[in-house]
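For the sequence shown, the residue numbers in my numbering are 1066 to 1237.
All C-beta atoms in this analysis are idealised placements derived from N, C-alpha and C, irrespective of residue type, glycine included.
The structure under discussion appears below in the form of structure tokens.
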Amino acid sequence: MGNLSTSDKISAASTMIALFGFLLVIWQISITNEQIRKSEINQRAQFLAGLQERAFGTSEFQEMFRKIEYGELDVGAEFHGTEEQTQLVSLLSFLEFIAQLEKMKLIQFDDVNEIFGYFIVRVYDSREVQEYLDFLKGWVEQGKYPENITFPDFQYLAKKIQQVDVSPATAN
């Protein structure tokens, strides 16, 4: 063993250097992957914070939700064409947007449920909102509006949240 030639020693040293270099590359890839993962989490958190700010940080949505929450919304004959109708449509459009993001898997269902679940279900369960959605469905049936005007993804998401919230695993 002690009689290694110079070329054998150089070959062994080259192999050790190559192995060390390979290990350094693996370590660098691991660091890079962790940085990418943290960046993705940070971007997701920023996006969700922006959605939350849009929902809960605007007086328009806060006021409409308060009316829904306390049963102060009236969608009778005088409702149509009012600023209140515009606010309700804006709120429903925003919730439809969130539902579409979840449907396209651009945001996770668990995040939507955690941040917006109560809000979505309360709006969906409102007798007045259901009455307004029924009004829109009537217009669709008459051919005056396309089907998507009834906020179908919002309605689907609200039902999905309700199913999760009453499942045996979460009921205690």
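Give the secondary structure of residue i by DSSP, where H, G and I count as helix, E and B as strand, and everything else as coil.
i, result
"Met1169", "coil"
"Thr1151", "helix"
"Glu1206", "helix"
Just the C-alpha distance for residue i and residue j, rounded to the nearest angstrom, thanks.
i, j, result
"Phe1144", "Val1188", "17 Å"
"Phe1219", "Phe1162", "8 Å"
"Ala1236", "Leu1084", "Its pLDDT being 47, under 50, Ala1236 is placed unreliably by the model, and the measurement read from it follows with that caveat. Straight-line Cα distance between these residues: approximately 55 Å."
"Pro1211", "Gln1093", "53 Å"
"Glu1193", "Ile1091", "59 Å"
"Asn1098", "Gly1086", "18 Å"
"Ala1078", "Lys1103", "38 Å"
"Leu1088", "Ile1096", "12 Å"
"Gln1228", "Phe1181", "15 Å"
"Lys1202", "Phe1216", "10 Å"
"Tyr1135", "Ser1191", "10 Å"
"Lys1170", "Tyr1183", "20 Å"
"Ala1223", "Arg1109", "22 Å"
Starting from residue i, follow the alpha helix (DSSP H) in both directions and report where the run begins and ends.
i, result
"Ser1216", "Residue 1216 is actually Phe in this sequence, not Ser. Note, Phe1216: premise wrong, no alpha helix (DSSP H); not H, not E."
"Ala1077", "1071-1121"
"Val1186", "1174-1190"
"Glu1134", "1124-1134"
Evaluate contact between the region 1145-1161 and the region 1125-1133, counting only Cβ atoms and requiring at least three cross-stretch pairs below 8 Å. Verdict: yes, contact present.
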